[in-house]
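Visitor: To start, I am sharing the structure in question, which I have written as structure tokens.
Residue numbers (this note's numbering), protein chains in the order written: chain A, 21 to 134; chain B, 2 to 207.
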């Protein structure tokens, strides 16, 4: 252990370790930023309804948009979809969301027209 | 190397959750499951949106819902999502005690959320809003209750996962399991974002 600074192999290993630590530190920062953003989005959504100052139809559109933004943070930052090697999960979720949108639209349509 | 062997800092892989074929398969399979869950919840959301104003003689959503309670529940679940991502960061650094600590906090916050939901449902039943009182009632309890069941399932999942692996450290066999639980927990929070928006906030404006 005494001469580990001279050993080229351990130097490379230590270098990699520092890189990894830095990457994790960066990741933790992203998680914290995304947490603060989600809290803010939630507060804005609740306030938009609570305050009763925004017209109802606009408020509904507004809070739905906020929800979509918040879910984007969850999926990309917290569920790591932005990381490498997530092509399959992205396709899986995208097709899931597509079918989900069609399902919601057709169910509402079926109920309202019957 | 044996997949059940405790990993050391020296042999710790960059992605312990995907270092084995089994881990890779679990990862892909779980995302496929989440895509399916998205559609499943969409059927419940679509039904709820179609039926949400059909409350017959019972109270309407605008009369029932209490926003402060929903806000508190939202904060609990959102924070628990953050603590579970902290646990995944600990996983990547081979810090098993910190991973267990963050998952325990996640578990407690999840229990708090579930407690609030049970309190809320009991309150609603006293107000005459039950599963059979109207189409609104059925659609509401199916959607929100199904989400609550997901939270309950997550609580049971993380409890058994932690208990079974308490003294094992992080291994190639349990790393994917911890990782997938965190994904599941985030997904439960994703669904809740739409529930508080579509059910509670939109319910308030009619």
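Just so it is clear, CB atoms sit at the ideal spot from N, CA and C, and this is done for glycine as well.
No experiment lies behind these values; they were computed from the predicted model shown.
Do we get a CB-CB distance below 8 angstroms when we pair residue 194 of chain B with the residues of chain A?
Guide: Residue 194 of chain B counts as touching chain A.
Visitor: Looking at C-alpha atoms only, which residue of B/127, B/199, B/38, B/116 is the closest neighbour of residue 4 of chain A?
Guide: Within the shown structure, residues of chain A are numbered from 21 to 134, placing residue 4 of chain A beyond reach of any answer.
Visitor: Once DSSP output is grouped into helix, strand and coil, what is the label at residue 15 of chain B?
Guide: Residue 15 of chain B: coil per DSSP, three-state reduction.
Visitor: State the DSSP-derived secondary structure class of residue 52 of chain A, mapped to helix, strand or coil.
Guide: Three-state result, residue 52 of chain A: helix.
Visitor: Please look up how many angstroms separate the CB atoms of residue 193 of chain B and residue 130 of chain B, rounded, as I've assumed it's under 8 angstroms.
Guide: Wrong, their Cβ atoms sit about 20 angstroms apart, outside the cutoff.
Visitor: Enumerate in chain order the residues of its own chain whose CB-to-CB distance from residue 93 of chain A is below 7 angstroms, with the five nearest sequence positions on each side excluded.
Guide: 54, 57, 58.
Visitor: Since I believe residue 47 of chain B is in contact with residue 123 of chain A (beta carbons under 8 angstroms), could you give me their beta-carbon distance rounded to a whole number of angstroms?
Guide: That belief holds up - the Cβ atoms of residue 123 of chain A and residue 47 of chain B are roughly 5 angstroms apart, short of 8 angstroms.
Visitor: Quick check on residue 187 of chain B - is its C-beta less than 8 angstroms from some C-beta in chain A?
Guide: Output row for residue 187 of chain B: interface = yes.
Visitor: Roughly how far, in whole angstroms, is the beta-carbon of residue 132 of chain B from the beta-carbon of residue 142 of chain B, given that I think they are within contact range, below 8 angstroms?
Guide: So it is a contact: roughly 5 angstroms between Cβ atoms.
Visitor: For residue 172 of chain B, which residues in the same chain have their Cβ closer than 7 angstroms to its Cβ, ignoring the five residues on either side in sequence?
Guide: Result list for residue 172 of chain B: 4, 5, 6, 7, 8, in chain order.
Visitor: Are any of the Cβ atoms in chain A nearer than 8 angstroms to that of residue 50 of chain B?
Guide: Answer yes: the Cβ-Cβ gap between residue 50 of chain B and chain A drops below 8 angstroms somewhere.
Visitor: One question on the structure: do residue 17 of chain B and residue 92 of chain B come within less than 8 angstroms of each other, judged by their Cβ atoms?
Guide: Yes, the pair counts as a contact, with Cβ atoms nearer than the cut-off.
Visitor: Name the residues in the region 39-65 of chain B whose C-beta lies less than 8 angstroms from a C-beta of chain A; which are they?
Guide: Cβ contacts with chain A: 39, 40, 42, 43, 44, 46, 47, 48, 50, 51, 52.
Visitor: Give the DSSP-derived three-state secondary structure of residue 10 of chain B in the structure shown.
Guide: Reduced to three states, the DSSP call for residue 10 of chain B is coil.
Visitor: Under 8 angstroms between the Cβ atoms of residue 40 of chain B and residue 116 of chain A?
Guide: A contact, by the Cβ cut-off of 8 angstroms.
Visitor: CA-CA distance, residue 49 of chain B and residue 66 of chain B?
Guide: C-alpha separation (whole angstroms): 15 angstroms.
Visitor: Do we get a CB-CB distance below 8 angstroms when we pair residue 115 of chain A with the residues of chain B?
Guide: Cβ-Cβ to chain B under 8 angstroms: yes for residue 115 of chain A.
Visitor: With H, G and I counted as helix, E and B as strand and the rest as coil, what does DSSP make of residue 26 of chain B?
Guide: Helix, per DSSP.
Visitor: Quick one: grab the DSSP three-state call for residue 31 of chain A.
Guide: Note: residue 31 of chain A maps to helix in three-state DSSP.
Visitor: Could you compute how far the alpha carbon of residue 60 of chain B sits from the alpha carbon of residue 201 of chain B?
Guide: Going from the Cα of residue 60 of chain B to the Cα of residue 201 of chain B covers about 14 angstroms.
Visitor: Going by Cα to Cα distance, which pick from B/21, B/183, B/45 is closest to residue 81 of chain B?
Guide: Of the candidates B/21, B/183, B/45, the one whose C-alpha sits nearest the C-alpha of residue 81 of chain B is B/183.
Visitor: Using only the alpha-carbon positions, how far apart do residue 15 of chain B and residue 37 of chain A sit?
Guide: Approximately 10 angstroms, taken between the alpha carbons.
Visitor: Between the region 76-108 of chain B and chain A, which residues of the former have CB atoms less than 7 angstroms from a CB of the latter, in chain order?
Guide: Against chain A - using a Cβ distance shorter than 7 angstroms - the residues of the region 76-108 of chain B are 79, 82, 83, 86, 90, 93, 94.
Visitor: Given this structure, state the Cα-to-Cα distance separating residue 63 of chain A from residue 78 of chain B, to the nearest angstrom.
Guide: Approximately 14 angstroms, taken between the alpha carbons.
Visitor: With 16 as the cutoff for other CB atoms within 10 Å, does residue 33 of chain A come out buried or exposed?
Guide: With fewer than 16 Cβ atoms within 10 Å of its Cβ, residue 33 of chain A is classed as exposed.
Visitor: So with Cβ pairs under 8 angstroms, would you call residue 67 of chain A a contact of chain B?
Guide: It does not; no Cβ of chain B falls within 8 angstroms.
Visitor: May I ask you to report which of helix, strand or coil DSSP gives residue 200 of chain B?
Guide: Residue state, collapsed to three classes: helix.
Visitor: Could you give the first and the last residue of the continuous alpha helix (DSSP H) run that contains residue 90 of chain A?
Guide: That run of the alpha helix (DSSP H) goes 76-93.
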